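From first to last, the protein sequence lines are chains A and B. Residues in the first sequence are numbered consecutively from -14, following our numbering. Residues in the second sequence are numbered consecutively from -14, following our numbering. Even for Gly, the Cβ is constructed at its ideal location relative to N, Cα and C. Just so we're clear, the structure is a prediction, and the values are computed from it rather than from any experiment. Report on one structure; see the data block that follows.
2 protein chains.
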Amino acid sequence: MQTRSTKSLIVKTAEELILSYGYQGFSYNDIASAINIRKASIHYHFPKKEDLGIAFIRKYSRLFSLWTKRLGTASNRERLIAFCRMYGSLSNNCTRICPIGMVAADYHSMPAGIQEHSQELIAQVEQWLTELVDKGKKEGEFREYLRSSDTARHMIYVMSGSLKMARIFKEPGRIKRAEKDLVFHICKEKEQ
Amino acid sequence: MQTRSTKSLIVKTAEELILSYGYQGFSYNDIASAINIRKASIHYHFPKKEDLGIAFIRKYSRLFSLWTKRLGTASNRERLIAFCRMYGSLSNNCTRICPIGMVAADYHSMPAGIQEHSQELIAQVEQWLTELVDKGKKEGEFREYLRSSDTARHMIYVMSGSLKMARIFKEPGRIKRAEKDLVFHICKEKEQ
DNA sequence: ATCATTCTACCTACTAGTAGGTAGAATGTC
DNA sequence: GACATTCTACCTACTAGTAGGTAGAATGAT
């Protein structure tokens, strides 16, 4: 097995474990037995657990960048909905929560390097959403009284909260509902 | 030192640790050294870590019940604001998050007994908020188009999200802002 | 083209430390 | 004396991380 596939397989597995059980809730052993390699091999690619944690967050940073780039010239309303759908897909049928929700909860028990990268990821998403709301207001699609950055934050709170609760109560409908609520109170045209 | 005070001191310390570092992020040793007793003494009061976790959640269940009872005959709008203020006070100056936010994130890595009690606590808060929104609508204080239980959930998502982000970015203003946003989009009278 | 060397990617075997948990003695309190 | 409480001393299981080795591919020198 080549390095590239093993390395990314490790990150992929870490990802699943972190989004299910949290940073403290998974071990190198869990990964090793999941993909049938030895623990030391993980340390070869990621010397410290912190390194793996950072790789996990940076991956989501990259994925989000790619996602925003792929998102063509849709209307602001469509982009808002697309964001919610993308976010909802992270739920993985009520088995996982979002990276932001996880790092935000475990924040104080994480190494400094992970904390910094977490801040960057959150800021990146907030930034993109702030610009979206701003543009939506200017182009008359979104309600004028909204404060762009507060609305962006509000969206993150709601979407990440809905994923968590959807998982606990095994109610995927909570995510869809959160989306509808957000669209309703951000967009001008009615859609309830 | 009597049992009662030691026992409640253990829970109090666990509480602080859990709300800062998460369920996986604290140990019996942390508590022992924090209040200068031996680890085994904690096991005397709480044989398993799960027992301590349940005590923690049940305490917040009781506290919430007491809080709702103490809350006199204020207007629905005032009760809504009081809820947000109470919730915001859990932030402890951006050092902690809320019990709901914590158990929701760590959910899958917690023992079954804690999971059940977590569900109950969340359901309890959701229930109270649902009734508040319902009453607020009937009495003409809240916007009629709101769905009571969805709005209740929305409130929990936003408040618990704001506590988490306030902690990460050391921005207590996020909590106040979340409160204002909720009041604005739930209550009829303007207040921005 | 051959051979020595270096590097990559993994391995086995181990360390020190910490986790939750237990047994039983010591201490206090009624 | 009886019982509750806290202690010392320990256990097993597991954690992140390290030491040292190996097969084989890549590189370089002649």
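Against residue i, what residues of chain B qualify as contacts under a CB-to-CB distance less than 9 angstroms, listed in chain order?
i	result
A:His102	Per Cβ cutoff of 9 angstroms: no residues; A:His102 is ~12 angstroms from chain B at best.
A:Phe62	Reading off the sequence, residue 62 of chain A comes out as Arg, not Phe. Here the premise fails: no neighbours, minimum Cβ distance about 18 angstroms.
A:Ile107	Met150, Ile153 and Phe154
Looking only at C-alpha atoms, which of the options sits nearest to residue i?
i	options	result
B:Ile160	B:Cys79, B:Ile171 and B:Glu111	B:Cys79
B:Ser(-7)	B:Leu148, B:Ile16, B:Met95 and B:Gly125	B:Ile16
A:Ile153	A:Thr(-9), A:Ser5, A:Thr(-2) and A:Leu65	A:Ser5
B:Tyr72	B:Phe169, B:Lys173, B:Gly146 and B:Lys155	B:Gly146
A:Gln9	A:Leu37, A:His30, A:Asn21 and A:Tyr29	A:Leu37
A:Gly7	A:Tyr92, A:Gly98, A:Lys44 and A:Leu56	A:Tyr92
B:Leu148	B:Ala67, B:Asn77 and B:Ser26	B:Asn77
B:Cys83	B:Cys69, B:Gly121, B:Ile27 and B:His170	B:Cys69
A:Lys122	A:His170, A:Ser26 and A:His30	A:His170
A:Glu164	A:Val88, A:Ile85, A:Thr115 and A:Ser74	A:Ser74
A:Asp166	B:Met144, B:Ile27, B:Arg138 and B:Leu51	B:Arg138
B:Thr115	B:Arg23, B:Arg128, B:Ser133 and B:Ala89	B:Ser133
A:Ile27	A:Thr58, A:Phe11 and A:Ile(-5)	A:Ile(-5)
B:Thr(-9)	B:Ser12, B:His30 and B:Phe11	B:His30
Once you ignore the five residues that flank residue i on each side, which residues in its own chain have a CB closer than 6 angstroms to its CB?
i	result
B:Pro157	Cys79 and Ala151
B:Arg62	Glu126 and Cys172
B:Thr(-2)	Ile16, Ala19 and Ile20
B:His102	Ile39 and Ile42
A:Asp119	Ser133
Who pairs with residue i in a beta bridge, going by DSSP?
i	result
B:Phe127	B:Cys172
Can you pull the chain B neighbours of residue i, defined as C-beta to C-beta under 7 angstroms?
i	result
A:Lys120	Result: empty, since nearest Cβ-Cβ is about 20 angstroms, beyond 7 angstroms.
Can you tell me whether residue i is helix, strand or coil according to DSSP?
i	result
A:Ser60	coil
A:Cys83	coil
B:Met95	coil
B:Tyr29	helix
A:Arg43	helix
B:Tyr8	coil
A:Thr(-12)	For A:Thr(-12), the predicted structure reports a pLDDT of 46, less than 50, and the residue's modelled location is therefore unreliable. A value from the coordinates is still provided. Three-state DSSP puts A:Thr(-12) in a helix.
A:Glu156	coil
B:Leu65	helix
B:Arg132	coil
B:Asn14	helix
A:Leu75	coil
Using a Cβ-Cβ cutoff of less than 7 angstroms, which residues in the same chain neighbour residue i once the five nearest sequence positions on both sides are dropped?
i	result
A:Asp135	none
B:Gln109	Ser46 and Phe49
A:Arg64	Leu56 and Leu117
A:Thr53	Trp113
B:Gln100	Tyr92
A:Glu174	none
Taking residue i as the query, report the chain A residues whose CB atoms sit under 7 angstroms from its CB, ordered along the chain.
i	result
B:His93	Ser5 and Tyr6
B:Asp166	Asp135 and His139
Determine the chain B residues that contact residue i at a beta-carbon separation under 8 angstroms, and present them in chain order.
i	result
A:Ala90	Gly7, Ile82, Gly86, Met87, Ala89, Ala90, Asp91 and Lys149
A:His170	His170
Can you name the residues of chain A whose CB is closer than 9 angstroms to the CB of residue i?
i	result
B:Ala163	Asp135, Arg138, His139 and Tyr142
B:Ser145	Tyr142, Gly146 and Lys149
Counting only the same chain and skipping the five closest in sequence on each side, list residues whose C-beta sits under 8 angstroms from that of residue i.
i	result
B:Ser60	Glu126
B:Met87	Ile3, Leu4, Gly7 and Tyr8
B:Ile66	Glu164 and Val168
B:Gly14	As written in the sequence, residue 14 of chain B is Asn, which differs from the Gly given in the question. Closer than 8 angstroms at the Cβ level, and outside the excluded window around B:Asn14, lie Lys24.
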